[in-house]
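Student:
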Amino acid sequence: AEINNNHDEL
Amino acid sequence: MNIFRLLGDISHLLAIIILLRKIWMSRSCAGISGKSQLLFGLVYTTRYLDLITSYISLYNSVMKVVFLAASYATIYLMYVKFKATYDHNHDTFRIEFLVVPAVALALLINHDFQVVEILWTFSIYLESVAILPQLFMVSKTGEAESITSHYLFALGVYRGLYLLNWIYRFWAEDHYDLIAIVAGVVQTVLYCDFFYLYITKVLRGKKLQLPA
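As they're listed, the protein sequences go chains E and P. Mapped onto my numbering, the consecutive letters of the first sequence carry residue numbers 3 to 12. Mapped onto my numbering, the consecutive letters of the second sequence carry residue numbers 62 to 273.
#1: Which residue from P:HIS151, P:THR146, P:SER184 puts its Cα closest to that of ALA244 of chain P?
#2: Within the same chain, show all residues whose beta-carbon is closer than 7 angstroms to that of ILE242 of chain P, passing over the 5 residues directly before and after it, in chain order.
#3: Check the C-beta distance from LEU251 of chain P over to LEU196 of chain P and give it rounded, since I have them as a contact under 8 angstroms.
#4: For a contact meaning CB atoms closer than 9 angstroms, what does ARG66 of chain P contact in chain E?
#5: How long is the line joining the alpha carbons of GLU4 of chain E and ARG265 of chain P, rounded to whole angstroms?
#6: What residues in its chain sit with their C-beta under 8 angstroms from that of TYR219 of chain P, if we drop five residues either side in the sequence?
#7: Establish whether the CB of ASN8 of chain E and some CB of chain P are separated by less than 9 angstroms.
#8: Comparing the C-beta of MET86 of chain P with each C-beta of chain E, is any distance below 9 angstroms?
#9: Opposite GLN175 of chain P in the DSSP bridges: which residues?
#10: Between THR107 of chain P and ALA130 of chain P, what straight-line distance do the alpha-carbon atoms span, to the nearest angstrom?
#11: Do ARG66 of chain P and TYR3 of chain P count as a contact pair if the criterion is CB distance below 9 angstroms?
#12: Taking Cβ-Cβ distances below 7 angstroms as the criterion, which residues of the region 181 to 207 of chain P are in contact with chain E?
#13: I want to verify the contact list: residues of chain E whose CB lies under 8 angstroms from the CB of MET124 of chain P, in sequence order.
Shown next, in the form of C-alpha cells:
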C-alpha cells in the first residue's frame, strides 16, 4: 500500500 | 468517497453547526472552551491551505470553506460579540502545551519535509488534542449543558467514523496514511470517557454531570 500524500480527506 | 467518511463529514458539520447555533441562539458561550475553538481554527487554517492550490472535488472545496467560515464565526462570536459571556475562569488549559509538541512532532515525523506537508501534519497532530481544553473545562465545571454534550458527541463520532473510513480504504483501495490513523485513534480515545457518560446519562435525559 502506498502512503497517501495527496490529502483528499477533510 | 465512502459511506463512513461521508457520515463522518456530516457528523463533523453537524457538530460545528450545533455549536454555532447554540452560541448564536443563546447569545452566550458559557460552558464552551474558547481555547479549543482557537485550536480548531488553527487546525482548519493550516490544513486547508491547499484550498487555493489543489482542487480535489466540489464537495471537498465547499466543505473546507464551510468549516473555515464556521470556525472563524464561532471564534468571532466567542471573543468579540459575546465576549462578556466567555467563562475565562474555567477555560484555563495551557494550549501552548498542545501547540508546541504538535509543531515539534510535525517537524520530526512527516511524509515530506515541505511547508504545506508540515502544516498538514501539524494540523493532524493538533486536531487529535484540540478538544482537551473543552473536556478539561467540562471536568472543571463538573457538568455540561445537553446541547454542549450533543456537540461533543457529534465531534467525537466524526473521527471515529474516519477510523472506519481508513479501515475501508486500506482494504478496498490498498491505501493508508499512518500519521492520520495514529492521530485519529488518539483523538477518538480521548472521547471514550465522555462517550460513556453521554450514553449512560444524556441519552437517558439526565444532565451530563461528572463525578465530583
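We put the beta carbon where it would ideally sit given N, CA and C, even for glycine.
Tutor: According to the data block:
#1: Residue P:SER184 holds the alpha-carbon nearest to the alpha-carbon of ALA244 of chain P among P:HIS151, P:THR146, P:SER184.
#2: TRP227
#3: 7 angstroms
#4: GLU11, LEU12
#5: With a pLDDT of only 49 at GLU4 of chain E, under 50, the local geometry of the prediction cannot be trusted, and no value is derived from it.
#6: GLY69, ASP70, SER72, HIS73, ALA76
#7: yes
#8: no
#9: BP columns for GLN175 of chain P are empty, so no partner.
#10: 14 angstroms
#11: This structure does not reach residue 3 of chain P, given that chain P is present from 62 up to 273, and the question cannot be answered.
#12: TRP181
#13: LEU12
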